[in-house]
Amino acid sequence: MPRSKIAQKQRTLAVKATDDPAYRFDRLYDLLHWEPWIHHAASAVLSRPGSQTDGVDGTTRDYFKDHYDTQMVMLIEQLKRGTYQPLPVRRVHIPKANGKKRPLGIPALRDRIVQEGIRMALDPIYESDFQPYSFGFRKGRCTMDAMAVLMPLANTSMKHYYVIEGDLKSYFDTVNHRILLTLLKKRIADRKLLNLIHRFLKAGVMDDRLFATTREGVPQGGIISPLLANVYLNEFDKWAVQKWQVPQSERRKARSSGQGSYAMVRYADDFVVVSNDGIEGVRQTKAAIKAFLEGELKLTLSEEKTLITHVNKGYDFLGFTVRRVNPEGRWVVHLRPTRKSVQHVNAKIKRLTGRNQTLYDEGTKMMQLNQVVRGWCAYYKHTSLHTDLEAISRYAWHRYHAWLLAKYKGSRKVQLITEKSRTILRRQRWVARTEGIEIHQWLPSPKELKRSRYYAKGRAGFTHPYLVDDSEPHTPEAFKGPDPAIYRTARGLDEHRNFPEDWHTRRLKVLKRDGFACIVCKDQNDLQVHHKKGLKSWAVKDLETLCRTHHHMAHGFRAGS
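Residue numbering for the sequence shown follows this note's numbering, starting at 1 and increasing by one per position.
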């Protein structure tokens, strides 16, 4: 089944769900053993970098690809007969920014494929139900969309000065299975599919060869877990809308009576509620939120972390600090990186310049530092980051200098490298050589970086992702770049690499996002797409446009070679 046919089927589901909010869908399970559907799910899973991580059965991506036909025939047959049984997830622990560890559940590769097939069927349906100000794990939405909604609410005209910073205790681990299945039944009438989802929820966990049953929660790491988590918290979103949304005809009356207004923005299990009500009204609202979450969804609101904050003091959300300031007699809203974010990027710089890192050459090390800082800047490019970036650049420079001293132990090379690097840092971006040592480009200075304005989509701009026409052919005739020559230059594929099936589409997305120019020197000739994380990640967010010279620099090659 071509991709356009699958998109057409998803569009049909989305149209039906939108037209009839009470409609319950049946025969969705049949899609899972429909060969074109499940093969597309397999292609999507195997093209993701995470597919290199094996589950409890030890099946690797390479093994699955080598035995693809056999594996898929067996999987489809089990799904048809109803004998398919999910395996337990493999528990791994990844470090968090606060020093603690987050448990992840890694499903077996075949389970990920089936989960992707389920997600492909359910996502078009629930996108019709989700509220407009829910942003996490949703197609076509990002963290900046959430922040773009919050920012105007803090200005003087809207007067939403009090903020409830919501924090749910161990949300993914405490989702109630009975409540979740009850919510799914409102839209899904297919017993086979509901039973399969139930088996996934109850599959259990293998933690260092010890099996544990799962009585509640959805595993962080499962493909359908984010969707199920949103289905669960959508009840909270609907409650908030019903409680706080005032009809247009009654708003003047509500304002004259002193009734405060409220608005909520949620990103997965993180949410904030902003209000222009008085402090007592806000406290009562916090209590009402707690009562609903505990009574209806069996979720616990952390009293220690769920704070009521005045916007003048600032609050943190999704790695950003929002604060209203009055520097020149006029109130404005500032958006900056959080203190934790700055500490986190400095910790990365410190790890990269440790004494155990001296085996790298200086050019490679400089490019590693560039990638860390550039990635951080890309995430925060819509904020007021210059002050923080100056401090980070200064810290990176001193750490790099200390790393050179550790590597060469006082050699004349250190002086030569640092002198040239300082020149590059102060003046402009270029590559120099001195006494046989190639000097690679240093980090751009804060003055060279321009703050990029984020254009919010607005309420009307968030269209249903499955109701838009995304079938535009990605061909030279359909290309809308500034110069067809750029397209031809960047179009060639290396035959020896194992490219994903949609590599050409991803490549075009990267080129368009970066303005069809090298992100370092803005050259529009001889463009190439660089994998920031190597070939282990083909995601668009991990790709960037570079000219040939800077692409070679990124890989530690000599410029111009």
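Each residue gets a CB set at the ideal place from its N, CA and C atoms; glycine is no exception.
Does DSSP put Q10 in a helix, in a strand, or in coil?
For this step, residue 10 is matched to residue 10 along the sequence shown. In the three-state reduction of the DSSP assignment, Q10 falls in the helix class, which pools H, G and I.
Once you ignore the five residues that flank F135 on each side, which residues in its own chain have a CB closer than 6 Å to its CB?
Taking the first residue of the sequence shown as 1, we reach residue 135 at position 135. Contacts found: R141, D145, A146 and Y267.
If V540 sits next to R506, beta carbons under 8 Å apart, how far is it from one beta carbon to the other, in whole angstroms?
Numbered from 1 along the sequence shown, position 540 holds the residue referred to as residue 540. Numbered from 1 along the sequence shown, position 506 holds the residue referred to as residue 506. V540 to R506, Cβ: 5 Å. Contact.
First and last residue of the beta strand (DSSP E) that includes I106?
Within the sequence shown, the letter at position 106 stands for residue 106. Unbroken beta strand (DSSP E) run through I106: K101 to I106.
Note the first and the last residue of the continuous beta strand (DSSP E) segment covering Q115.
Your numbering for residue 115 matches position 115 in the sequence shown. No beta strand (DSSP E) holds Q115; the alpha helix (DSSP H) holding it covers L109 to Y126.
In terms of alpha-carbon separation, which member of L75, F137 and K509 lies closest to D270?
Translated into the one-based positions of the sequence shown, residue 270 becomes position 270. If we check each option's Cα against that of D270, F137 comes out closest.
So, do the stretch 346 to 363 and the stretch 385 to 398 have three or more beta carbon pairs nearer to each other than 8 Å?
yes
What is the residue span of the alpha helix (DSSP H) that R167 lies within?
Position 167 of the sequence shown, counted from the start, is the residue given in the question as residue 167. Residue identity check: residue 167 is Asp in the sequence provided, not Arg. It is not in any alpha helix (DSSP H) - D167 instead sits in the beta strand (DSSP E) that spans Y162 to D167.
Using a Cβ cut-off of 8 Å (strictly closer), state whether V520 contacts chain D.
Here chain D cannot be found, since the structure has a single protein chain.
F211: buried (16+ other C-beta within 10 angstroms of its C-beta) or exposed?
Here residue 211 corresponds to residue number 211 of the sequence shown, with the count starting at 1. Counting Cβ neighbours within 10 Å, F211 comes out exposed, since fewer than 16 surround it.
Please report how far the alpha carbon of G105 lies from the alpha carbon of R178, in whole angstroms.
Within the sequence shown, residue 105 is the residue found at index 105, counting from 1. Within the sequence shown, residue 178 is the residue found at index 178, counting from 1. The alpha-carbon atoms of G105 and R178 are separated by roughly 21 Å.
When you compare only the Cα positions, how much space is there between L194 and S47?
For this step, residue 194 is matched to residue 194 along the sequence shown. For this step, residue 47 is matched to residue 47 along the sequence shown. Approximately 27 Å between the Cα atoms of the pair.
Can you say whether I563 is buried or exposed, counting buried as having 16 or more other CB atoms within 10 angstroms of its CB?
Residue 563 cannot be examined here, being either before or after the span of the chain that is shown, 1 to 561.
Tell me the residue span of the beta strand (DSSP E) that contains A378.
Looking up residue 378 in the sequence shown gives position 378. Per DSSP, A378 belongs to no beta strand (DSSP E); it is in the alpha helix (DSSP H), E362 to Y379.
Paired residues, beta bridge with S275 - DSSP:
Residue mapping note: residue 275 aligns to position 275 of the sequence shown, counting from 1. Y162 and Y262, per the DSSP bridge assignment.
DSSP three-state call for S51: helix, strand or coil?
Indexing the sequence shown from 1 puts residue 51 at position 51. Of the three classes helix, strand and coil, the one that applies to S51 here is helix, per DSSP.
What are the boundary residues of the beta strand (DSSP E) that includes K530?
To locate residue 530, count along the sequence shown from 1; it is residue 530. Strictly speaking, residue 530 in this sequence is His, with Lys absent from that position. Looking at the DSSP string, the run of the beta strand (DSSP E) that includes H530 is L527 to H531.
Given a threshold of 16 other Cβ atoms within 10 Å of its Cβ, counted over all protein chains shown, does M74 qualify as buried or as exposed?
Here residue 74 refers to the residue found at position 74 when the sequence shown is read from its first residue. Its Cβ having fewer than 16 others within 10 Å, M74 is exposed.
What's the C-alpha gap between K381 and T321?
Counted from its first residue, the sequence shown places residue 381 at position 381. Counted from its first residue, the sequence shown places residue 321 at position 321. So the alpha carbons of these two residues sit roughly 14 Å apart.
Return the chain-ordered ranges of every alpha helix (DSSP H) run that is complete within the stretch 14 to 48 and spans a minimum of 4 residues.
29 to 32 and 35 to 46
For Y315, the first and last residue of its enclosing beta strand (DSSP E)
Counting from one through the sequence shown, the residue named residue 315 turns up at place 315. Here the beta strand (DSSP E) through Y315 covers Y315 to F317.
Is it the case that the stretch 108 to 118 contacts the stretch 32 to 50, given that we only count it when at least three CB pairs across the two stretches are under 8 Å?
yes
Beta-ladder partner(s) of E544, from DSSP
As a position in the sequence shown, residue 544 is number 544, starting the count at 1. DSSP lists H530 as partners of E544.
Report the rounded CA-to-CA distance for F292 versus G319, giving the unit in angstroms.
For this step, residue 292 is matched to residue 292 along the sequence shown. For this step, residue 319 is matched to residue 319 along the sequence shown. Looking at the two C-alpha atoms, the distance is approximately 27 Å.
Quick one: is F64 buried, meaning 16 or more other Cβ sit within 10 Å of its Cβ, or exposed?
Looking up residue 64 in the sequence shown gives position 64. By the neighbour-count rule (16 or more Cβ atoms within 10 Å), F64 is buried.
Quick check: the Cα distance between A229 and D123, rounded to an integer number of angstroms?
Translated into positions along the sequence shown, residue 229 becomes position 229. Translated into positions along the sequence shown, residue 123 becomes position 123. Distance between the alpha carbons of A229 and D123 is about 12 Å.
Close beta carbons around T18, own chain, < 6 Å, minus the five adjacent residues each side:
By 1-based counting over the sequence shown, the position of residue 18 is 18. Taken in chain order, the residues that qualify are S128.
On the three-state DSSP scale, how would you describe L359?
Against the sequence shown, residue 359 aligns to sequence position 359. Residue state, collapsed to three classes: coil.
Count the other CB atoms, across all protein chains shown, that sit within 10 Å of the CB of G363; report buried if there are 16 or more and exposed otherwise.
Reading the sequence shown from its first residue, position 363 is the one you call residue 363. The residue in question, G363, is buried, as its Cβ has 16 or more Cβ neighbours within 10 Å.
Nearest to K305 by alpha carbon, out of I164, D62, E77 and K407?
Locating residue 305 in the sequence shown gives position 305, where the first residue counts as 1. Comparing Cα positions, the closest option is I164.
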